[in-house]
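At position 169 of the sequence shown the residue is numbered 169 (the UniProt record's numbering), and the sequence of numbers has no breaks.
Single-structure report; data block below.
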Amino acid sequence: MTDATDQNTHLDEKGTYVAGDTALGEPLPIESSSEEKESGVVKSQSAGQQPSDVIQGQDDPPAEPPSEQEVQRVQSAGEDYSVLTVTQKRLIVATASLASLFSPMATAIYYPSLDTISKDLNVSNTKINITITLFLVIQGIAPAFVADIADRQGRRPMYIFCFTVFTGANIGLALQNNYTALLVLRMLQSSGSSGTVALANGVVGDIITSAERGSYVAFASLGGVFGPMISPILGGIIGQYAGWHWIFWFLLIFSSAVFIPLILFMPETCRNVVDNGSIPPPLFSRNITDTVRHRHRVQKGLTFNEAKQKEMAAKYHFRLPNPLSTLKVLLDLESAILLVGTGLGIGCFYAISTGASVAFASNYGFNQIKIGLMFIPIGCGSIISALSIGRLADWNYRRWAKKLNILVVKNRRQDLTNFPIERARLEIVFPLFFVAVAAIIAYGWILTKKISVAVPIVLLFLTGFSLTATFQILNVLMVDIYPGKPSVATAANNFSRCEIGAVFSAILLPLVDSIGWGWAYTLLALLFLAFLPMLLLVMQRGPKWRKQRKASEDKARAHRQEKRDLKTAAKERKANGGT
């Protein structure tokens, strides 16, 4: 029998790896589906043993340790998941991440100026907080429309749409001096910026396999992490020295510097438009990079499937967005649990962010700049989380693959039908829940006691790290269980986060007035913790729910194909009868 070191060397040469430790938990035995047997699945087996057609089901106890079971499976046959190089993938994800910066940046950049704006417009702080609440409401709804079109017609057209709306809103906000105008234009600004988050995760789903998705989704979320950290600092400085109107002029200038090059050079990645990147996109979705890249492919003699291109081109026509696709995700039981868990976490995050201006102004006497600086620790915690938690997620994925004797093939789509992806992702989340809850509760009571500012700085760092890590992992899992609709899955995620975040932001100050800072944050944190058992339910029942959902989707897909075939046959009969 081949020695383990030689085997790993051989696998590395083939672009395949089995990695990870086996220190945590016990694996769930998996079963092989008939679909896998028919789709070129490569199965590993112990030396001297013949392949078996039967694998124990998830509900059956294994007869022997998973590492010694006769047959397991790995998806390794077929074409590359993406024809893009690693460098190209990184540049594309980095660009999408930078574009997604504007959604959280537009949300938080005027937090330090809220008190000043309320005085200038002669309205109460509660009314100004309504502009934040409605911004978050629209931020949750708008991506449902953007994502549906982006998953069908491509990412580039929707980037153009988002940038156009965002630009118009920023010009209006920079020129207005009226509360009603501020309210309406902030909602318009939200509708333009919010879709970029769903687009960024859609891009990751287009070009990155599940085995590497943890790191890349974390990388794509860096824009969302940097936004809440740097925007209050910038907003505080701009508001203090140039006036709060210049906050929106800054957003206009910065967004133009990002979106214009993106529209000109970022290639189309949507798999319904360009497949794995080998199919040239239609003219409207094509840019300079697409034109040059496909010209070089032709010069190198790299051909593409012309029949597939014609099939995709025939489907490429504008249709009105269908937000029901996002609603279907929201109504799915497994998805709903993950989305509510994410929403409660981000709700606590927004409650801390929106309350910071009043908390540090009233309890510590801080001005706009100092208030903005208090967002640095929570941002630093979020950044460290984004840079580390994705690698941890990928490591745990490979650890489970090794436990189940599954070979993970680079740049190949992994069949997750019988893989315990929920357990592989959620094992990381549980310790983070307790850290987040403890930090939030302590933060609330520290504000009440008004002790050294160093203490809330440390607690804000821990809160930023633990909460960001939690919703990153839940977001990765959402993309995993909806591999064909990454933008729609992210839009559903965004909806729950923003709507629950809007509620938490709206109730925080009235809650503080009623019961104080300490009890207000304690109540929100305990509500977050109380949801933890539901994630345990997802870990246990998730694989079964996924199979049921896949069977339902396959049935619906077959029904649609049958209707198309009947329609085509009717047209052919009509044409033959007319000749």
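Each residue gets a CB set at the ideal place from its N, CA and C atoms; glycine is no exception.
{"Check": "Identity of the residue in Leu134, Lys450, Ile352 and His245 nearest aspartate 120 by Cα", "Outcome": "His245"}
{"Check": "Serine 552 versus serine 103: straight-line alpha-carbon distance, rounded", "Outcome": "34 Å"}
{"Check": "Test item: CB-CB of alanine 147 and alanine 491 under 8 Å", "Outcome": "yes"}
{"Check": "Short Cβ contact (8 Å threshold) for glycine 195 with leucine 101", "Outcome": "no"}
{"Check": "Any non-hydrogen atom of the ligand FAD within 7 Å of valine 329 CB", "Outcome": "Within the structure as shown, the ligand FAD is missing, as the structure has no ligands at all."}
{"Check": "Where the alpha helix (DSSP H) containing leucine 84 begins and where it ends", "Outcome": "Element bounds for leucine 84: n/a, residue is neither H nor E."}
{"Check": "Threonine 342 beta carbon less than 8 Å from that of serine 496", "Outcome": "yes"}
{"Check": "Chain-order list of residues whose beta-carbon lies under 6 Å from that of leucine 134 (same chain, five-residue window excluded)", "Outcome": "Met187"}
{"Check": "Phenylalanine 284, DSSP secondary structure in three states", "Outcome": "helix"}
{"Check": "Cβ separation of leucine 524 and isoleucine 457, assumed to be a contact under 8 Å, to the nearest whole Å", "Outcome": "Going by Cβ atoms, the distance from leucine 524 to isoleucine 457 rounds to 20 Å, so no, they are not a contact pair."}
{"Check": "Meets three-Cβ-pair contact criterion under 8 Å: the stretch 496 to 505 and the stretch 377 to 394", "Outcome": "no"}
{"Check": "Residue span of the alpha helix (DSSP H) that contains serine 466, given as start and end", "Outcome": "454 to 481"}
{"Check": "Three-state class that DSSP yields for tryptophan 445 in the structure shown", "Outcome": "helix"}
{"Check": "Extent of the continuous alpha helix (DSSP H) to which phenylalanine 419 belongs", "Outcome": "From DSSP, phenylalanine 419 is part of no alpha helix (DSSP H); its letter is neither H nor E."}
{"Check": "Test item: CB-CB of alanine 169 and alanine 99 under 8 Å", "Outcome": "no"}
{"Check": "Phenylalanine 375: first and last residue of the uninterrupted alpha helix (DSSP H) it sits in", "Outcome": "375 to 403"}
{"Check": "Residue nearest to phenylalanine 219 in terms of C-alpha spacing, selected from Glu306, Pro112 and Ser97", "Outcome": "Ser97"}
{"Check": "Beta-carbon proximity list for alanine 123, same chain, < 7 Å, skipping 5 on both sides", "Outcome": "Here residue 123 turns out to be valine, not alanine, going by the sequence shown. These residues qualify, in order along the chain: Tyr179."}
{"Check": "Span of the alpha helix (DSSP H) around phenylalanine 163", "Outcome": "155 to 175"}
{"Check": "Cβ-based burial, glycine 347 [other Cβ within 10 Å; buried from 16]", "Outcome": "buried"}
{"Check": "Alpha-carbon to alpha-carbon, leucine 447 and alanine 359", "Outcome": "7 Å"}
{"Check": "Integer-rounded CB distance, given that arginine 156 should sit under 8 Å from asparagine 287", "Outcome": "7 Å"}
{"Check": "Euclidean distance between Cα positions of tyrosine 350 and threonine 107", "Outcome": "10 Å"}
{"Check": "Length of the line joining the Cα atoms of residue 655 and tryptophan 249", "Outcome": "It is not possible to answer for residue 655, since the shown part of the chain is limited to 1 through 579."}
{"Check": "Segment limits, alpha helix (DSSP H) that includes glycine 343", "Outcome": "333 to 364"}
{"Check": "Close Cβ partners of proline 377 (< 6 Å) along its chain, the five nearest in sequence each way excluded", "Outcome": "Ile457, Leu460 and Phe461"}
{"Check": "Where the alpha helix (DSSP H) through lysine 119 begins and ends", "Outcome": "114 to 120"}
{"Check": "Touch test, the stretch 467 to 474 against the stretch 384 to 401, Cβ-Cβ under 8 Å, three pairs minimum", "Outcome": "yes"}
{"Check": "Burial state of tyrosine 241, where buried means 16 or more other Cβ atoms lie within 10 Å", "Outcome": "exposed"}
{"Check": "Glutamate 306 to asparagine 576 span [Cα, whole Å]", "Outcome": "27 Å"}
{"Check": "Straight-line gap, leucine 537 to glutamate 422 (C-alpha atoms, nearest Å)", "Outcome": "10 Å"}
{"Check": "Where phenylalanine 254 sits in the DSSP three-state scheme", "Outcome": "helix"}
{"Check": "Nonlocal neighbours in the same chain, by C-beta distance under 7 Å from tryptophan 545, ignoring five residues either side", "Outcome": "Leu333 and Glu334"}
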